[in-house]
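Down below is the structure, laid out as structure tokens.
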Amino acid sequence: MCLGTELCMCVSVSGGVDFRGKEEYPSKSCFRFFGGKSHFYCLHSTVPSIDLTLKAALLIQRWYRRYCARLEIRRRYTWTIFQTIEYAGEQDQMKLYNFFNALITHMGGGGMNDIMEALSPRSSPTSDGPTSELSMKKMIDSNILEDVPIEANYKGPHLKMPLNTDQIHELVDSFKKKKALHVKYVYLILREGVRILRQRSTIVHISTAIAGQITVCGDLHGKLDDLIMILYKNGLPSTDNPYLFNGDFVDRGRRSMEVMLLLLALLITYPNEFYLNRGNHEDMVMNARYGFCKEISRKYKAPHGPRILRLLEEVYRWLPLASIIDNRVFVVHGGISEDTDLKWIQMIDRSKYTSLLRTPVAHLSSNHEGKEEESQDEEEDETCKEVRKITANFEWKQVLDLLWSDPQSNKGSKPNHFRGGGSYYGPDITQNILSSNGLSMLIRSHECKPEGYEWTHNGICLTIFSASNYYEAGSNRGAYVKLIGNKLEPHFVQYSADSRTRKLTIRERVGRMETSAFRELRGQIIANRTKLQSEFKKHDPNSTGYISVGTWVAVLDEHSHLDLPWRSLRDKLVEVHPTSDLVDYNSTFEDQNLTNENGIKGGPTVVEALYRHKDSLETIFRLIDKDNSGKISMEEFSETCELLSRHIEVPIPTDDIGDLARSIDINKDGLIDFNEFLECFRIVQSSQHGKEEDEEDDDD
């Protein structure tokens with residue numbers, strides 16, 4: 001501290017001021033004067049270093065914020081890729097089923113062949129006559145399923161009705177150890193679950209007067225670890241701890257069967273404290289595409305696999321469509337539309353909707369065909385038929401909107417073309433529907449959210465999603481919401497069931513997501529390679545191999561069938577010319593190994609056409625595989641490809657289909673399973689990759 005005035009310059013100030021000495025003073029001391037005080041302090045030259053430190057801190061902060069912003073941009077476009085591909089798949093599924101219905105409508109009747117009968121929607125379990133080897137009535141009401149013998153080497157849990165808490169613990173422990181439940185107990189749980197669900201109304205009214213709370217969970221999608229995590233954190237159901245699971249229990253995850261069995265076991269054990277809503281994936285047609293049917297066929301061989309599927313269909317059709325908590329909170333899987341009428345929905349016979357992808361026109365034609373023939377008054381019969389059609393369409397749309405719709409930020413309601421079914425509904429629609437029914441909040445699921453939940457529509461619409469790591473490890477948290485007290489105040493619990501992701505940094509999580517997303521995206525691009533290359537070349541008359549970025553973006557926008565920010569993704573998908581704003585459009589496909597060799601003249605290769613529609617083909621495989629054995633004959637495969645060829649307007653010659661079928665049949669047993677089908681793609685890609693390497697060696 002310096003008190004000598006000969007090296008100082010004094011100033012008169014009011015308030016606190018920092019003042020630096022003049023340059024002519026060698027000490028360059030700094031004085032801090034405080035108004036109202038007679039003392040002053042002289043600090044030696046520290047401000048320059050403070051300035052540098054502050055500037056460095058601001059620079060680091062700016063760099064960090066830029067880094068975080070770049071990570072957030074990567075996370076967002078990665079999320080957009082995952083979501084777009086997911087919804088495009090659901091849209092394709094809706095289109096595919098419309099294709100089935102169109103085939104049935106135009107090729108049905110007396111001339112319908114075996115494959116068309118197989119492609120037609122299965123008869124309702126309530127229809128007259130048996131629907132499978134055993135009629136549903138026998139499967140539900142008799143003891144025949146309980147007579148299945150239990151092998152001496154079976155080491156899983158043994159269950160008996162009524163189920164209790166000890167048996168639930170035993171079941172959970174068994175599933176955690178990846179032990180399969182004996183088919184006898186599978187039958188037992190499914191049958192008893194149907195019995196309880198039949199007693200529920202279409203819209204279930206739940207009271208929290210005794211418990212003072214309720215836990216609402218969203219999509220699980222076959223993720224058993226998430227379900228066990230919820231039960232571990234929140235406890236088993238009880239009088240003071242009720243649960244509501246809001247649909248989409250199965251598909252995509254590998255443990256869908258265990259998730260469904262555990263949920264039904266909880267329903268059986270705690271019927272007054274445990275509730276289930278139906279989701280859009282509680283639908284056997286969706287299961288044929290997204291993996292649940294395949295999982296059952298793998299875990300339970302014939303004749304048990306087909307019987308389990310029939311019982312599951314019975315479970316689906318009796319699941320309630322929605323729930324209302326304390327006459328204030330409406331809980332439904334997808335959402336609403338401007339036409340949603342809860343009073344009408346309450347009166348719907350939900351059991352007739354074995355699949356929501358079955359149009360009401362097909363349903364009416366199958367149920368009223370005989371009556372129309374017997375009608376004596378044609379004009380009256382046509383009028384009645386038209387009224388029935390209008391009523392059926394209105395009712396079907398009511399149910400479809402409940403399970404398939406999504407909220408939007410804009411006002412109003414419009415068809416949900418992004419998914420292919422349901423509606424988009426705005427904040428005004430949510431407010432109107434809630435107000436007209438005396439409700440205050442809408443809770444729905446149906447969409448994966450990064451944090452496991454999301455508020456929209458000014459805080460009256462809540463999305464809850466309970467499957468963590470849904471797209472990729474580290475992609476999202478799971479969450480459930482507890483509605484507590486008289487006001488049903490929401491309290492959220494978030495988690496990640498995969499312990500490995502908890503140790504990942506943000507950069508590592510985003511990196512893993514990004515890698516997985518672009519792998520999926522490149523697969524979608526190569527599925528449309530021939531069409532895209534053709535369009536690119538139209539804009540490159542001189543065959544330079546380069547086009548403008550704008551043209552590249554426009555072609556992908558129009559012909560990739562994916563609504564993505566292509567301009568933002570260009571650095572990851574295509575090489576840009578170093579001196580001009582042009583892109584090498586051929587580099588869009590450089591990592592892929594499919595070529596046009598052995599292709600059809602003027603069109604895409606057979607393999608490419610099938611690759612693009614392999615999900616649709618798998619769905620068709622599952623639907624024409626009547627006994628769910630996982631295998632189809634050569635003739636069935638050929639007919640399926642011909643039907644698909646007509647639908648997608650890709651000419652695939654019959655000889656090529658036959659050659660392809662024989663080449664796919666790797667073990668030469670005259671039957672094709674889907675594993676053989678997928679193996680053919682691996683072989684084609686591997687051999688082509690090896691060929692390219694050989695060509696490179698020859699060039700060297």
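Read in order, the letters of the sequence shown are residues 1 to 700 in full-length UniProt numbering. We put the beta carbon where it would ideally sit given N, CA and C, even for glycine. Keep in mind it's a predicted model, so treat the numbers as computed, not measured.
The residues LEU403, TRP404, in chain order, have a CB closer than 6 Å to that of ASN280 in the same chain once the five nearest residues on each side in sequence are set aside. Under DSSP, GLN213 takes part in a beta bridge, and its partners are ILE484. Beta-carbon to beta-carbon, ALA209 and ASN241 are separated by about 14 Å, too far to satisfy the 8 Å threshold.
With contacts defined by Cβ atoms closer than 9 Å, LEU244 and VAL172 do not form a contacting pair. Take THR340, set aside five residues on each side of it, and the residues of its chain with a beta-carbon closer than 7 Å to its own are GLN398, ASP401, ILE433, in chain order. Judged by DSSP in its simplified three-state form, THR269 adopts helix. If you draw a 10 Å sphere on the C-beta of CYS68, you find fewer than 16 other C-beta atoms in it, and that means exposed. Closest option to VAL329, judged by alpha-carbon separation, among VAL216, LEU267, LYS176, THR239: VAL216.
A direct Cα-Cα distance of roughly 4 Å separates LYS631 from ASP673. Within the model, the alpha-carbon separation for SER207 versus ILE484 is close to 12 Å. Here CYS384 carries a helix assignment [DSSP, helix/strand/coil]. Taking all protein chains in view, the Cβ of ARG500 is surrounded by fewer than 16 other Cβ atoms within 10 Å, so the residue is classified as exposed. Around SER587, the same chain offers VAL574, GLU575 as residues with beta carbons nearer than 6 Å, after the five sequence neighbours per side are excluded.
The stretch 223-237 makes no contact with the stretch 188-207, as fewer than three CB pairs between them are under 8 Å.
Per DSSP, the beta-bridge partners of MET441 are VAL329.
With fewer than 16 neighbouring CB atoms inside 10 Å of its own CB, LYS176 falls in the exposed class. In terms of CA proximity to ARG195, ILE268 leads the group ILE150, ILE268, LYS223.
DSSP places PRO427 in no beta strand (DSSP E) but in the uninterrupted alpha helix (DSSP H) bounded by 427-436.
Taking C-alpha positions only, ASN458 is separated from ILE443 by approximately 13 Å.
DSSP places HIS304 outside any beta strand (DSSP E); the residue lies instead in the alpha helix (DSSP H), whose first and last residues are 304-318. Beta-carbon to beta-carbon, TRP318 and ARG198 are separated by about 5 Å, close enough to satisfy the 8 Å threshold. When ARG477, GLY222, GLY511 are compared, the shortest CA-CA separation from GLU72 is found for GLY511. When the alpha-carbon of GLY156 is set against those of ASP147, PRO162, GLN167, the nearest one is in GLN167.
Comparing C-alpha distances from SER445 to each of LEU462, ILE429, TYR270, ASN469 shows the shortest one belongs to LEU462. Under the three-state reduction of DSSP, GLU86 is assigned to helix.
A residue is called buried when at least 16 other Cβ atoms come within 10 angstroms of its Cβ; SER543 does not meet this threshold and is exposed. Within the stretch 460-530, the runs of alpha helix (DSSP H) that reach at least 4 residues and sit entirely inside it are, in chain order, 506-527. In the three-state reduction of the DSSP assignment, ALA57 falls in the helix class. Within the same chain, ILE150, TYR154, GLY156 come within 7 Å of HIS182 by CB-CB distance, once the 5 residues on both sides are set aside. With respect to the C-alpha of ASN164, the residue from LEU262, TYR87, ASP225 having the closest C-alpha is LEU262. Judged by DSSP in its simplified three-state form, SER587 adopts helix.
Put simply, the stretch 383-394 does not touch the stretch 297-304. Fewer than three CB pairs are less than 8 Å apart. VAL583 and SER516 have their C-alpha atoms roughly 24 Å apart.
In the three-state reduction of the DSSP assignment, VAL204 falls in the strand class, which pools E and B. In terms of Cβ geometry, LEU309 and MET284 form a close pair [threshold 9 Å]. Under DSSP, PHE274 takes part in a beta bridge, and its partners are TYR243.
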